[in-house]
Amino acid sequence: MRGMGGLADFWSGLFEGRHRELLREAEQERLARGLRRGRKDYRPDLPASPEAGWTARGRPLAVRPGTALDAPRIGHLMELNGMPRWVAFEERFIVVEEGGVITAAIRFRAGTERLYLGLLITDPWADEHSLAMELYSRATTTARDLGLGEVRAQTSRHEWQLREAGYRRRGSIWCAPAA
132 MRGMGGLADF
142 WSGLFEGRHR
152 ELLREAEQER
162 LARGLRRGRK
172 DYRPDLPASP
182 EAGWTARGRP
192 LAVRPGTALD
202 APRIGHLMEL
212 NGMPRWVAFE
222 ERFIVVEEGG
232 VITAAIRFRA
242 GTERLYLGLL
252 ITDPWADEHS
262 LAMELYSRAT
272 TTARDLGLGE
282 VRAQTSRHEW
292 QLREAGYRRR
302 GSIWCAPAA
């Protein structure tokens with residue numbers, strides 16, 4: 132009879148520890164959700180300047196095609212946005228690097244004549260508007276560097292940023308000539 136009591140105590144202690152861990156994770160998620168909600172209300176005083184490569188906060192940005200060495204950092208960014216990490220190792224991205232940290236990335240695919248843009252991901256605590264403007268405006272330069280003539284994007288989430296970056300709508304697709 133004594134052996135059963137020890138086993139019950141073991142399982143009880145195991146579940147109590149797991150319960151505390153789950154409560155701590157739920158609290159962290161609640162705090163992160165609150166920060167993301169607050170970020171959506173934030174609007175900088177100055178718009179991003181795609182030509183100068185500076186954000187409204189005055190820090191220089193580096194917008195460039197991602198390399199294989201960037202995949203783990205892009206994967207971490209994807210995890211922060213609730214997406215699977217492995218996608219970062221399978222796809223190609225254009226990244227925004229701010230102070231040595233990747234704060235945004237956009238998936239792309241190079242066709243024979245066009246650069247096709249895909250999903251845009253940002254750091255949940257960064258200003259998504261200015262980062263999206265930087266990525267969409269610099270994608271045309273990337274297309275030109277790759278010898279392509281046009282950039283195409285199909286999204287309903289960042290229509291305002293696409294319009295401000297010089298893209299024109301053709302049906303459900305946004306197009307811009309390579310710079």
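The numbering used here numbers the first residue of the sequence shown as 132 and each following residue consecutively.
Where a beta carbon is used, it is the ideal one built from N, C-alpha and C, also for glycine.
message: Using only the alpha-carbon positions, how far apart do residue 191 and residue 220 sit?
response: The count along the sequence shown starts at 1 and reaches residue 191 at position 60. The count along the sequence shown starts at 1 and reaches residue 220 at position 89. Approximately 27 Å between the Cα atoms of the pair.
message: Would residue 367 and residue 241 be called neighbours here (beta carbons separated by less than 9 Å)?
response: Outside the shown range of the chain, which is 132 to 310, sits residue 367, and nothing can be said about it.
query: With 9 Å set as the bound, which would you pick, yes or no: does the beta-carbon of residue 201 sit closer than that to a beta-carbon of chain B?
result: Absent from the structure: chain B. Only one protein chain is present.
- request: Using beta-carbon positions only, say whether residue 207 and residue 195 come within less than 9 Å of one another.
  value: For the purposes of this step, residue 207 is taken as the residue at position 76 of the sequence shown. For the purposes of this step, residue 195 is taken as the residue at position 64 of the sequence shown. Contact flag unset, no.
task: Give the straight-line distance between the Cα atoms of residue 264 and residue 162, rounded to the nearest whole angstrom.
output: Locating residue 264 in the sequence shown gives position 133, counting from the first residue. Locating residue 162 in the sequence shown gives position 31, counting from the first residue. Taking the straight line joining both Cα atoms gives about 27 Å.
query: Which value, in whole angstroms, describes the spacing of the CA atoms of residue 290 and residue 307?
result: Locating residue 290 in the sequence shown gives position 159, counting from the first residue. Locating residue 307 in the sequence shown gives position 176, counting from the first residue. About 13 Å.
field: Outcome for residue 132 when other beta-carbon atoms lying within 10 angstroms are tallied against a minimum of 16
entry: Numbered from its first residue, the sequence shown carries residue 132 at position 1. At residue 132, the pLDDT of 47 sits below 50, so the modelled position is not reliable; the number obtained from the coordinates is stated separately. Exposed, by the Cβ-count rule.
- prompt: In chain order, what residues of the same chain have a beta carbon less than 7 Å from the beta carbon of residue 211, not counting five sequence neighbours either side?
  reply: Locating residue 211 in the sequence shown gives position 80, where the first residue counts as 1. Its chain contains 254 and 255 as the residues whose beta carbon lies nearer than 7 Å to that of residue 211, once the 5 sequence neighbours on both sides are disregarded; these appear in chain order.
8 Å CB neighbourhood of residue 297 in its chain, flanking five on each side removed: On the sequence shown, position 166 is the one that residue 297 refers to. If you ignore the 5 residues before and after residue 297, its C-beta comes within less than 8 Å of the C-beta of 268, 271 and 307, all in its own chain and listed in chain order.
field: Run of the beta strand (DSSP E) containing residue 311, from where it starts to where it stops
entry: The requested residue 311 is not part of the displayed model; the chain covers only 132 to 310.
- request: Pull up the distance between the alpha-carbon of residue 150 and that of residue 309, whole angstroms please.
  value: As a working mapping, residue 150 is identified with position 19 in the sequence shown. As a working mapping, residue 309 is identified with position 178 in the sequence shown. When rounded, the distance between both Cα atoms is 54 Å.
- request: May I have the straight-line CA-CA distance separating residue 305 from residue 278, to the nearest angstrom?
  value: The count along the sequence shown starts at 1 and reaches residue 305 at position 174. The count along the sequence shown starts at 1 and reaches residue 278 at position 147. Between residue 305 and residue 278, the C-alpha separation is close to 19 Å.
query: Ordered along the chain, which non-local residues of its own chain (more than five positions away) have a Cβ less than 6 Å from that of residue 173?
result: Here the question's residue 173 lines up with position 42 in the sequence shown. Below a pLDDT of 50, predicted positions are generally treated as unreliable, and residue 173, at 43, falls in that range; no measurement from the model is reported.
task: Identify which residue in 213, 247 and 300 has its Cα closest to the Cα of residue 225.
output: Residue 225 sits at position 94 when you count from the first residue of the sequence shown. Residue 225 has its Cα closest to that of 247, out of 213, 247 and 300.
- request: Grab me the residues of residue 181's own chain with a C-beta within less than 8 Å of its C-beta, minus the 5 sequence neighbours each way, in chain order.
  value: As a position in the sequence shown, residue 181 is number 50, starting the count at 1. Here the model assigns residue 181 a pLDDT of 41, short of 50, so the residue's position is not dependable, and the following value carries that caveat. Excluding positions up to five away in sequence, the list reads 264, 265, 268, 269 and 296.
message: Measuring straight from C-alpha to C-alpha, what distance separates residue 285 and residue 155?
response: Here residue 285 refers to the residue found at position 154 of the sequence shown. Here residue 155 refers to the residue found at position 24 of the sequence shown. Residue 285 and residue 155: Cα-Cα distance of roughly 39 Å.
- prompt: Just to confirm, are residue 257 and residue 228 a CB contact at a threshold of 9 Å?
  reply: As a first step, residue 257 must be located in the sequence shown, where it is residue number 126. As a first step, residue 228 must be located in the sequence shown, where it is residue number 97. In this structure, residue 228 does not lie closer than 9 Å to residue 257 by Cβ.
- prompt: Which term fits residue 160, buried or exposed, when burial requires 16 or more other beta carbons within 10 angstroms of its beta carbon?
  reply: Numbered from 1 along the sequence shown, position 29 holds the residue referred to as residue 160. It is exposed - the Cβ of residue 160 has fewer than 16 other Cβ atoms within 10 Å.
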